[in-house]
Amino acid sequence: MAKIIIIEDEAAIRNDLAKTIRKIDEHIEIFETGSVLESMEIIQENDIDIFLIDIQLEDGNGYELAKRIRKIDSYKLNHIVFITAVPTHAMMAYENIHCYSYILKPIDQDLLEEQLFTLIKFGTKRKDSDDVLKLELELKSCKYVVNVDDIIYLEAINQKKYLKTTKDCIELTRTSMAGMMNRLPDYFIRCHKSFIINKNRIEYVDKARKVIRLNDIDEMIPIGRKYYVDIMEAAYEVN
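Residue numbers (the UniProt record's numbering): 1 to 239.
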């Protein structure tokens, strides 16, 4: 059973989030708290899949809490979603915590349901080794399902998007790089304006040439200047 924790000190918002989650999947186990201290106790005693964290909490800062969570080995790749009334806080979280998304206050219910549906569908950890995380893609003439862990990278060339897996190179339709980032787990990161990579496949980083070698491919992937620090951190985590 998937587990989600809601860390939000406004009871009404906490209740709305829990109600929406149960509407999407009534079997999900939900933990609710408005306290940083209590949240750490819950996190350490349970195997949490998804974190919904308010940035402004009465007894602490949700952003700092998220950094503490990321330092726990079992939570390095879990989805973190921030709840905030300040968009700039969310952007800082994207850059430094690698959060999945953010929920902006005041909450738009339709948007909330869409965000949580996608998050729950793709963001919960698979408890059974045979239950492989899959992604459904819409192509020109059909729908195509891939195992997420088989994805090596995504590339944008002009207006076209390509997904490279261990078996195929697939041209995507009706999507954007940002849209794909929102559908993929936290271990997919942007390394260049034209590339999203599976960081679990990083073999090494050539610092001098600012390129990445990924497992199972021959070509080197470029690193954009604005993504360099994130890539070096990712390479450190997986090696």
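A virtual CB, placed ideally from N, CA and C, is assigned to each residue, including glycine. As the structure is a computational prediction, the values presented were derived from the model and not from experiment.
| task | Quick one: using the 10 Å Cβ neighbour count with 16 as the cut-off for buried, is G62 buried or exposed? | result | Label assigned to G62: buried.
| Does the pairing of the region 149 to 165 with the region 48 to 61 give three or more beta-carbon distances under 8 Å? | Result no; under three Cβ-Cβ pairs closer than 8 Å.
| request: Give the straight-line distance between the Cα atoms of I13 and G179, rounded to the nearest whole angstrom. | output: One Cα belongs to I13, the other to G179, and the distance between them is close to 26 Å.
| message | Could you tell me which whole beta strand (DSSP E) segments of length 3 or greater appear in the UniProt domain "Response regulatory" (3 to 120)? | response | You should have 3 to 7, 29 to 33, 50 to 54, 79 to 84 and 101 to 104.
| field | Extent of the continuous beta strand (DSSP E) run through M220 | value | Start and end: M220 to P222.
| field | Residues near Y228 in its chain [Cβ-Cβ closer than 6 Å; skip 5 each side] | value | Scanning its chain for C-beta atoms nearer than 6 Å, with the 5 sequence neighbours on each side dropped, one finds no residue around Y228.
| task | Could you tell me which of D150, I202, M220 and T118 sits nearest to R183, measuring between CA atoms? | result | It is T118 whose Cα lies nearest to the Cα of R183.
| said: Can you list, in chain order, the residues of its chain with a C-beta nearer than 6 Å to that of A85? Leave out the 5 residues immediately preceding and following it. | reply: For A85, where only same-chain residues beyond five positions count, the Cβ hits under 6 Å are K105.
| field | I48 beta carbon less than 8 Å from that of N78 | value | Yes, the pair counts as a contact, with Cβ atoms nearer than the cut-off.
| Under 8 Å between the Cβ atoms of I43 and I6? | In this structure, I6 does not lie closer than 8 Å to I43 by Cβ.
| query | On the premise that L137 lies in contact with V146, defined as a C-beta separation below 8 Å, what is that separation, rounded to the nearest angstrom? | reply | The C-beta separation of V146 from L137 comes to about 7 Å, placing the pair in contact by the 8 Å criterion.
| field | CA-to-CA distance, I72 to E45, given in whole angstroms | value | Computed Cα separation, rounded: 13 Å.
| request: Might you give, ordered along the chain, the residues of its own chain that have their beta carbon closer than 8 Å to the beta carbon of I157, omitting 5 neighbours on each side? | output: The residues are S194.
| task | Grab me the residues of T20's own chain with a C-beta within less than 7 Å of its C-beta, minus the 5 sequence neighbours each way, in chain order. | result | So the list reads L112, E113 and L116, once near-sequence residues are dropped.
| query | Which one of I80, D110 and V81 has the shortest CA to CA distance from residue 240? | reply | Here the chain covers residues 1 to 239 and nothing more, so residue 240 does not appear.
| Status (buried if at least 16 other CB within 10 Å, exposed otherwise) for P87 | So P87 ends up on the exposed side.
| field | Between the CA atoms of D9 and M1 - distance to the nearest angstrom | value | As the crow flies, the alpha-carbon of M1 is around 25 Å from that of D9.
| said: Which complete alpha helix (DSSP H) runs does the UniProt domain "HTH LytTR-type" (135 to 237) hold, if anything under 4 residues is left out? | reply: Listed in chain order, they are 177 to 183.
| field | Cα-Cα separation, Y187 to N198 | value | If you draw a straight line from the Cα of Y187 to the Cα of N198, it comes to about 6 Å.
| field | Whole-angstrom distance between A208 and K3, CA atom to CA atom | value | Their backbone Cα atoms lie some 43 Å apart in a straight line.
| message | Whole angstroms are fine: how far does the CA of I189 sit from the CA of L214? | response | Using only the alpha carbons, I get a separation of about 13 Å.
| Proximal residues to residue 275 (C-beta, below 8 Å), its chain only, five neighbours per side dropped | The first residue shown for the chain is 1 and the last is 239, placing residue 275 beyond what the model contains.
| field | CB of D59 within 8 Å of CB of V36, strictly | value | With a cutoff of 8 Å on beta-carbon distance, D59 and V36 are scored as near each other.
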